[in-house]
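Peer 1:
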Amino acid sequence: MTVSELAEKMELEVFCLGDPEHGIDSAYCGDLLSWVMGRAEMDNVWFTIMSNQNVAAVAVMTDLSCIVLTEGVKPDEQLLERAKTEGLNLLGTSLSTYRAAAAFAKLEDSPE
Amino acid sequence: MKDCAFDLHIHSALSPCAEDSSTPDVMAGLFALSGFDVIALTDHNSCGNCAAFLRACEHYGILGIPGMELNTSEEVHVVCLFPELAAAEDFSEYVYSKLPDIKNRSRIFGNQIYCSESGQPLREEEKLLISATEIGIYEVSDLVEERCGIAYPAHIDRQANSLLYNLGFWDGGMGFEIAEISMRCPDDFADSRPDIEGLPLIRGSDAHRMEQIPEKPLQHLPVEELSAQAVIDALRHLKKT
Chain H
2 MTVSELAEKM ELEVFCLGDP EHGIDSAYCG DLLSWVMGRA EMDNVWFTIM
52 SNQNVAAVAV MTDLSCIVLT EGVKPDEQLL ERAKTEGLNL LGTSLSTYRA
102 AAAFAKLEDS PE
Chain B
-6 MKDCAFDLHI HSALSPCAED SSTPDVMAGL FALSGFDVIA LTDHNSCGNC
44 AAFLRACEHY GILGIPGMEL NTSEEVHVVC LFPELAAAED FSEYVYSKLP
94 DIKNRSRIFG NQIYCSESGQ PLREEEKLLI SATEIGIYEV SDLVEERCGI
144 AYPAHIDRQA NSLLYNLGFW DGGMGFEIAE ISMRCPDDFA DSRPDIEGLP
194 LIRGSDAHRM EQIPEKPLQH LPVEELSAQA VIDALRHLKK T
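So the sequences go chain by chain: H and B. First residue of the first sequence: 2, per our numbering; consecutive thereafter. First residue of the second sequence: -6, per our numbering; consecutive thereafter.
(1) CB-CB under 8 Å to residue 10 (chain B), same chain, minus the five flanking residues each way: which ones, in chain order?
(2) Kindly say whether residue 234 (chain B), judged by its beta-carbon, lies nearer than 8 Å to any beta-carbon of chain H.
(3) How far does the beta strand (DSSP E) with residue 47 (chain H) in it extend, from its first residue to its last?
(4) Could you work out which residues of chain H lie near residue 118 (chain B), taking near to mean beta carbons separated by less than 9 Å?
(5) On a CA-only basis, which of B:129, B:158, B:170 is nearest residue 195 (chain B)? Give me that one, please.
(6) Since residue 34 (chain B) sits in a beta bridge, which residues does DSSP pair it with?
(7) If we ignore side chains and look at the alpha-carbon of each, how far apart do residue 131 (chain B) and residue 66 (chain B) end up?
(8) Nearest by alpha-carbon distance to residue 28 (chain B): which of B:58, B:137, B:-1 is it?
(9) Under 8 Å, with one C-beta from each stretch per pair, do the stretch 49 to 62 of chain H and the stretch 72 to 81 of chain H reach the 3-pair mark?
(10) Out of curiosity, what's the CA-to-CA distance linking residue 122 (chain H) and residue 62 (chain H)?
(11) Taking residue 71 (chain B) as part of the beta strand (DSSP E), name the residues at either end of that continuous run.
(12) Short of 7 Å Cβ to Cβ, which residues in the stretch 33 to 50 of chain H face chain B?
(13) Select from B:208, B:226, B:51 the residue whose C-alpha is nearest the C-alpha of residue 215 (chain B).
(14) So, does the CB of residue 74 (chain H) fall closer than 8 Å to a CB anywhere in chain B?
(15) In chain order, what residues of the same chain lie with their CB nearer than 8 Å to the CB of residue 26 (chain H), ignoring the 5 residues before and after it?
(16) By a C-beta neighbour count over all protein chains shown, 10 Å radius and 16 as the cutoff for buried, is residue 105 (chain B) buried or exposed?
(17) How many Å lie between residue 59 (chain H) and residue 3 (chain H) at the Cα?
Below, the structure written as structure tokens:
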């Protein structure tokens, strides 16, 4: 599944889609950036409520497929700018992190 | 008693998010020009530029205090100030051992530059300094007080790396007696927070760049004498005004 497919299937709000064909491999949920940096894996979708510019730095560092801001959180100006500069995929949903991850897991399990 | 103008939360080029041009001597010189009497250098998780900073402050005729902005395991930022450089450096060494072994990627986070007192770059720190340490928020006060310093949570009004935002509420059991608020924090901030009622609040500029240095001091602290120890004592005895 690519990020653009994920955005469509989960009806995600698109803040920035710098690399829509980036492939997805599993996901990570977390808000403490150091945990995400140490534990998220390459090509993961990252579900988080954090919306400051360090989020972009962590996504680049870990080579994630996309960031999904949950709970209706909007990126702050610096994050959006940084995500655009770095060519990241920054998306959003009004679902809670739990609901968003559950919906993603369902998609992951369903045959393409 | 002397009223001294202070700012106890300043970064230098060692903090990756600070400008490379924010060398300790430049920051000290510009704060002196703005009329400050006392300033503290608080780079992220390191006191590595404090020696150069203290000498620069002396050169400009103001009091420098060695400090650090510690990032706890909960990603709460805590300002730590010390009466002596040796105590600060000892703490810095301890914190370094509690920092995860993640390499800085300067293109993403910025450079981490150790400077001489005249602002010359000496070398770069390779480990990423802004990571969360393995030090928990309940451990900080004791660790700093053992070294005769004072610790208090930074910018508690902000939504990133703040005690109130990350942990939800103030707990006296953490051992902090004062707290810092950011420059933009409204004066009535504490009115809506019964958990911090009566807590003395001071402001810190958190200046990472020259243009973030306040044009003039906004706050003063009554001290017995102009020394790091006297400033720390005065902070300990602050009462809500």
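All C-beta atoms, glycine included, are put in the ideal place defined by N, C-alpha and C.
Peer 2: Well, looking at it:
(1) Numbered from 1 along the second sequence, position 17 holds the residue referred to as residue 10 (chain B). These residues qualify, in order along the chain: 4, 37, 102, 103, 123, 201.
(2) The residue given as residue 234 (chain B) occupies position 241 in the second sequence. Per-residue confidence for residue 234 (chain B) stands at a pLDDT of 49, beneath the threshold of 50, marking its modelled position as unreliable; the derived number appears in the next sentence. Answer no: the Cβ-Cβ gap between residue 234 (chain B) and chain H never drops below 8 Å.
(3) Reading the first sequence from its first residue, position 46 is the one you call residue 47 (chain H). That run of the beta strand (DSSP E) goes 46 to 49.
(4) Locating residue 118 (chain B) in the second sequence gives position 125, where the first residue counts as 1. Residues of chain H passing the Cβ test: none, with the nearest at roughly 17 Å.
(5) One-based indexing of the second sequence puts residue 195 (chain B) at position 202. For residue 195 (chain B), the nearest C-alpha among the options comes from B:170.
(6) Along the second sequence, read from residue 1 onward, the residue named residue 34 (chain B) stands at position 41. DSSP output for residue 34 (chain B) lists B:3, B:59 as bridge partner(s).
(7) Mapped onto the second sequence, residue 131 (chain B) falls at position 138. Mapped onto the second sequence, residue 66 (chain B) falls at position 73. Approximately 10 Å, taken between the alpha carbons.
(8) Along the second sequence, one-based indexing puts residue 28 (chain B) at 35. Answer by Cα proximity: B:-1.
(9) yes
(10) One cannot answer for residue 122 (chain H) here, as it falls past the ends of chain H, which runs 2 to 113.
(11) By one-based count along the second sequence, residue 71 (chain B) stands at place 78. Note, residue 71 (chain B): beta strand (DSSP E), 70 to 74.
(12) 33, 34, 35, 38, 39
(13) Within the second sequence, residue 215 (chain B) is the residue found at index 222, counting from 1. Checked all of B:208, B:226, B:51; the closest Cα to residue 215 (chain B) is B:226.
(14) For the purposes of this step, residue 74 (chain H) is taken as residue 73 along the first sequence, with counting starting at 1. By this cut-off, residue 74 (chain H) is not an interface position.
(15) Reading the first sequence from its first residue, position 25 is the one you call residue 26 (chain H). 42, 43, 44, 45, 66.
(16) Stepping through the second sequence from its first residue, residue 105 (chain B) is reached at position 112. Classification of residue 105 (chain B): buried, given that the 10 Å Cβ count is 16 or more.
(17) On the first sequence, residue 59 (chain H) is found 58 positions in, with the first residue counted as 1. On the first sequence, residue 3 (chain H) is found 2 positions in, with the first residue counted as 1. Taking the straight line from one Cα to the other gives about 20 Å.
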